[in-house]
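Heads up, the sequence shown is in the numbering used here, so the first residue is 4 and it goes up one at a time.
Yeah, the Cβ is synthetic: ideal placement off N, Cα and C, and Gly gets one too.
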Amino acid sequence: MPVPGLQMPILQYIRGESDVLHLELFLDRTDQGLDVEADIAALESFIQIDSSLHAPPVVEFAWGKFSFTGVVTSLRQKMTLFSEDGRTLRARFAMSLKSYKSAQVQLRELKLSSPDRSHVRVLREGETLAHIAYQAYGDPRMWRSIALANSIDRPRFIKPGTPLLVPAI
């Protein structure tokens with residue numbers, strides 16, 4: 004968002020960018036005496052719009068234990084060897100895929116609890132400030148922030164039922 008008087012816009016984080024996978028593929032079936040026309044057609048089908056979805060298909064690239072699910076965003080080809088009758092025997096492809104996750108998967112992966120907002124908790128029997136700090140911040144060593152926000156000098160002697168402000172970090 005541009006602000007009058009500033010040389011550059013203020014950067015505001017909304018969400019991250021999708022991961023991108025760049026591949027270079029080399030197709031060669033000359034050792035089998037075959038062309039690569041069917042392989043080329045299969046790769047080209049990855050960038051065709053599916054008329055029922057109005058979008059290109061979601062594809063998965065897997066190599067060993069590595070797996071990447073996404074949509075092909077670019078496909079460049081260079082044919083490098085032809086048969087005497089004009090069939091393509093070798094070809095190189097540069098392909099880029101942008102990661103894809105369905106809305107349901109993204110919602111499942113969201114961490115909707117956030118330590119960036121203050122809230123009030125009631126201390127329960129057997130609970131410690133370290134335990135509350137771990138639940139709120141993921142780090143039990145942050146208990147001092149809770150003690151400081153509540154003017155607690157003796158954290159081992161807090162009575163159960165005491166309301167505690169858990170501050171934003």
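**Message:** Are the CB atoms of Ser102 and Asp22 within a distance shorter than 9 Å?
**Reply:** yes
**Message:** If you measure between the beta carbons of Gly141 and Pro163, is that distance less than 9 Å?
**Reply:** no
**Neighbourhood of Thr91 by C-beta distance below 7 Å, restricted to the same chain and skipping five residues each side** = Asp38, Val39, Glu40, Ile43, Met82 and Phe85
**Prompt:** Looking only at C-alpha atoms, which of Ala152, Ser154, Gln138 and Ala133 sits nearest to Arg144?
**Reply:** Ala133
**Reduced DSSP category for Thr131 - H, G, I as helix; E, B as strand; rest coil** = coil
**Prompt:** What residues in its chain sit with their C-beta under 7 Å from that of Ala150, if we drop five residues either side in the sequence?
**Reply:** Leu132 and Pro158
**Message:** Closest to Pro170 by C-alpha separation, out of Asp156, Phe160 and Arg120, would be which residue?
**Reply:** Arg120
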